[in-house]
Amino acid sequence: ISSEKKYPNSSNASVNVITNGQVDTQEIPLSADHRINIESSTIDTRKNLVARFIDLFTRSSSSVSSSTGNPNADILVTTKFYSCDLSNEKDAHEWELVHPNALLIALNFTHELESWNNNEKELKRKIYTIIKGYLTFRLECLEEKTMVQKIRDLFNQAMEKSDPNYILQAYTAEQKFTHLLNKDMARNVSHDIHQGCTKFGCDTLYTTEDGIKSIASIFFYHPKFITHAGKVYRGKFEKFELEHYQVNQCIMTKTFVSTSKDPNAAEFYSGYDRQKRKLLWEDEEKKISIFWTIIIKNLNGIRRALDISNRSQFPDEQEVLLLPYSVFTITKKEIIELENGKRIEIELEEYEEHK
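Quick note: the sequence shown uses this note's numbering, first residue 41, plus one each step.
Quick look at the structure:
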């Protein structure tokens, strides 16, 4: 809600409602009691912004509501303003984007990540902004206070000791934080490319974008991490048919993606017995065994994956963390009909522009 400075005595306030990319300006009558001194008023305290942020992420759709029963009602208090609709939950959880312009989209996102050397001051600055910004607002959504404090402690240790491995530990140790971070990353991509949002007009991007980019930048560029090249594997037991996967199309990762150097470890998560050629689990929802083979090359010296097997909570899984904004070509898609279900095998190879 805004009132123009050049009309200090105006009896109207302008409400800009952004819905599906369209701006609708509405005039709301205000009594003298509702006038705002713009110079002295604090529009959003941290407490109010946190409350708005939590409400934003828990509502299924954006809305503007106000009390209209009394023309002199406190409209400024009862009016809620949301800058854009949130993407649907299914889209927010997807780790990949199949798109004809996947390479250009990836270049745009990676260009925004700051490249930097092993500079302790710069690392501490990045971690400080993550703690004060992203963690302050986003951890409010997690109910387990012990876990929240553990995450804060790990980020504080990362800053105090200038050691990014504590950030990696926070990512791998707490599954709910992992899920939260990846959901926010996927949501940000959706808001950027599907809804054309910017962080100055979108609460979703405003509260998460800088922190997410800082974490991604540290994982992309810090020399303490081990870069992985070669084949990795990923298995899922899901309901999705992957109709959008077509051979020779490009696919971009939207989030951090857990994979393994051990095909057997990934095979377990796909719910498939290769020797018996059958699903390990009978499922009423008709879930499908999905298995990805991913070839990582780190072309042009750009890091695409981290070997975190020595940092993972389950070292036997030989985990490799695939980084976001990595582009691959779908080189194979095979659908295998089984006696008790279905199996889909996918092969991805890091995209080479002139191959």
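All residues carry an ideal CB built from backbone N, CA and C; glycine is no exception.
Straight across, the Cα-Cα distance linking Thr247 with Ala306 is about 34 Å. For Arg165 and Arg343, the gap between their C-alpha atoms comes out near 22 Å.
Counting along the chain, Ser230 sits inside no beta strand (DSSP E); it lies in the alpha helix (DSSP H) bounded by residues 215-233.
By the Cβ-count criterion, Asp356 is exposed, with fewer than 16 other Cβ atoms from all chains shown falling within 10 Å of its own Cβ. When rounded, the separation of the alpha-carbon atoms in Ile170 and Leu179 is 11 Å.
Comparing C-alpha distances from Glu283 to each of Leu319, Ile145, Ile330 shows the shortest one belongs to Ile330.
Note on Thr371: under 16 other CB atoms within 10 angstroms of its CB, so exposed under the neighbour-count rule. For Arg343, no beta strand (DSSP E) run applies, since DSSP gives it neither H nor E.
Here DSSP, grouped into helix, strand and coil, assigns Glu377 to strand.
If you compare the alpha carbons of Glu379, Tyr365, Glu385, Lys382 with that of Ser230, the shortest gap goes to Tyr365. For Leu208 against Ile348, the beta-carbon gap comes to about 6 Å, under 8 Å, which counts as contact. With a beta-carbon spacing of about 5 Å, Ala226 and Lys294 fall inside the 8 Å limit used to define contacts.
Within the same chain, Val272, Tyr273, Arg274, Ala306, Trp332, Ile334, Ala345, Glu359, Val360, Leu361, Leu362 come within 8 Å of Thr299 by CB-CB distance, once the 5 residues on both sides are set aside. A straight line joining the alpha-carbon of Lys172 with that of Asn350 spans about 29 Å. A direct Cα-Cα distance of roughly 46 Å separates Arg192 from Lys316.
Looking at Phe259, Thr369, Gly341, Ser254, the one whose alpha-carbon comes closest to that of Glu152 is Ser254. Secondary-structure assignment with DSSP links Cys290 through a beta bridge to Thr369.
Asn159 and Leu194 have their C-alpha atoms some 20 Å from each other. Looking only at Asp313, Ser202, Asn338, the smallest Cα-Cα distance to His262 is reached by Ser202.
In the same chain as Asp302, and ignoring 5 residues on each side of it, the C-beta atoms closer than 6 Å to its own belong to Gln358, in chain order. Under the 10 Å beta carbon count, Trp135 is surrounded by 16 or more other beta carbons and is classified as buried.
Contact between Phe368 and Leu388 holds, since their C-beta atoms are separated by about 4 Å, short of 8 Å. If you draw a straight line from the Cα of Ile291 to the Cα of Asn196, it comes to about 35 Å. Residue state for Ile258 is assigned as helix, using DSSP reduced to three classes. Beta-bridge pairing by DSSP links Asp250 to no other residue.
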